[in-house]
Structures are given as C-alpha cells and as structure tokens.
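Input: a single structure, listed below in structure tokens.
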Amino acid sequence: MFNNLFDRIFRAIKIDVELYEEVERDKSATVQAGLVVVLASLAAGVGALQLGASNFILAPIASLLSWYIVSYIIYFLGVKLFPEKSTKSNHGELLRTIGFANAPGLIRVFGVTPDLMFVTFIGSQFWTLACVVVGVRAALDYKSLWKALGVVIVAMLIQGVLLFLILVLSQNL
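Per my numbering, residue 4 is the first one in the sequence shown, and the count goes up by one each step.
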C-alpha cells in the first residue's frame, strides 16, 4: 500500500495527468488522498513551527475539513452549474483528485526559517493550484484547463467567503 502511495504522491507532484485519471476511478484511493492532505498539513506545521506548535496540532483537522468542503463546492459548481456534455462525476472522485493535488504541500516541511517558509509556502501553493486544476479537469471530464481553473477559483472564493463569515459570526458569540 505504501509503495503505491509514494508512487502516486510522486506522480501527483509531477502533475501526471494519468495519475489524476487513475485516482478518479479508484474508489479505494480516498483514504490515500486523505493521508496526502494530512501529510501536507503536517509538513506545513513543521515548516511553520516557529509560529507555534498549535499550527502543527490544529492544521490537519482544518485541512481535512477544508479538503472536504472545497471538494463539495467544486462538485456542485462543476457538475450542477457548469457541466460539459461529458461531465459525469461525484464528490468522491473530486475528493481523490484534489486530495492528491495537495502533494506539493509536502515541500513546506523545508520552511524552517522565515525566508524559507515564505518561499516554500507560496511556491507550494501555486504548485498545488496547478495540480488541483489538472485534477478537477480529470474528475469533471472537462476539455479545457481554463474552465477547470475558473471553477477552482470560484470555489476558492466561495470557501473564503464562508470562512470569513464563520470567523465574523464566531467573534459575535
């Protein structure tokens, strides 16, 4: 299982389109995808340890929740609002492709100084975005990367607004 997982992580980091098609179809890869999300989150926690240990503890939980929510938002946008004729997908397919798309986040473990943290976190975020777009394109059977990018950006904006509202409402309690 771990040999397969490490191979898939490496292929996800290389933005191997076939990997995203493979995990889209492999229902047993959902746990692996979740593990990638947790590992990337832990890497960020190690890389940002100078900011406090609470990041290391709370980040995996927040990352899993965020992964689930953004996958559902992308599912809704891509399948219900902006499908192509060939679009046939479900939330699980998006969970798997987006989960593996988080693999570039593993480099955040090298952000051990403020300068390295900035470079690794920003770099991994753009790299992850590219992987997410490729994964979403695969899961939604889109022909265009631009359409997949648009769905991802709208989903991220929606998730950001939801997070902002939660933070504002929690301050008023």
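All C-beta atoms in this analysis are idealised placements derived from N, C-alpha and C, irrespective of residue type, glycine included. None of the values given here were measured: they were computed from a predicted structure.
| Query | Result |
| --- | --- |
| If you draw a straight line from the C-alpha of Gly138 to the C-alpha of Trp149, how long is it? | 13 Å |
| Can you look up Asp19 in the DSSP assignment and give me helix, strand or coil? | coil |
| Of the choices Asp118, Thr90, Leu84, Val39, whose alpha-carbon is the least far from that of Ile16? | Val39 |
| Quick one: give me the first and last residue of the alpha helix (DSSP H) that Val115 is part of. | No alpha helix (DSSP H) contains Val115, which DSSP labels as neither H nor E. |
| Go through its chain and collect everything with a Cβ distance to Gly81's Cβ below 6 Å, but skip five positions before and after it. | Leu143, Val154 |
| Touching or not, the region 74-91 and the region 158-171, by the rule of three or more beta carbon pairs under 8 Å? | yes |
| Which runs of the beta strand (DSSP E) fall wholly inside the region 93-147 and span at least 3 residues, in chain order? | none |
| Excluding sequence positions up to five away, which residues of its chain have a Cβ less than 6 Å from the Cβ of Leu8? | Gln35 |
| In whole angstroms, what is the alpha-carbon distance linking Tyr145 and Thr116? | 40 Å |
| Count Cβ pairs between the region 20-33 and the region 86-105 that sit closer than 8 Å; are there 3 or more? | yes |
| Going by alpha carbons, who is nearest to Ala240 out of Gln174, Val20, Ser44? | The structure shown has nothing for residue 240, since the chain only spans 4 to 176. |
| When you compare only the Cα positions, how much space is there between Asp10 and Leu42? | 15 Å |
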